[in-house]
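Count along the sequence shown from 1, then add 2; that gives the number in this note's numbering.
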Amino acid sequence: MTRRNCTQEKNKESCSCTYEPCPRKGICCECLRYHWEMRELPACLFPPEVERTYDRSLKKFLECYRSEV
């Protein structure tokens, strides 16, 4: 498997997380791992108005997209 370099600064440009003290901003693999361990999903998977509530639960994700499936 080829190891890829993290493009943290480029990732930050499109990161929709509004939690400013987040130490994982732009490090997508760490963000995903952190949230998944808490049975959550990262901010980038939620619409902006939902992301701002900081409810990253799987339940909230399904509520957001259930009608689109």
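Backbone N, C-alpha and C define an ideal beta-carbon position, used for all residues, glycine too.
Local conformation of residue i per DSSP, three classes
i     : result
Glu11 : helix
Ser59 : strand
Glu22 : coil
Cβ separation of residue i and residue j, assumed to be a contact under 8 Å, to the nearest whole Å
i     : j     : result
Cys30 : Asn13 : 6 Å
Through-space distance from residue j to residue i, alpha-carbon basis
i     : j     : result
Cys19 : Ser69 : 24 Å
Pro50 : Glu39 : 23 Å
Ala45 : Leu64 : 14 Å
Arg35 : Arg26 : 10 Å
Exposed unless 16 or more other CB atoms sit within 10 angstroms - verdict on residue i
i     : result
Glu42 : buried
Arg58 : buried
Glu15 : exposed
Glu11 : exposed
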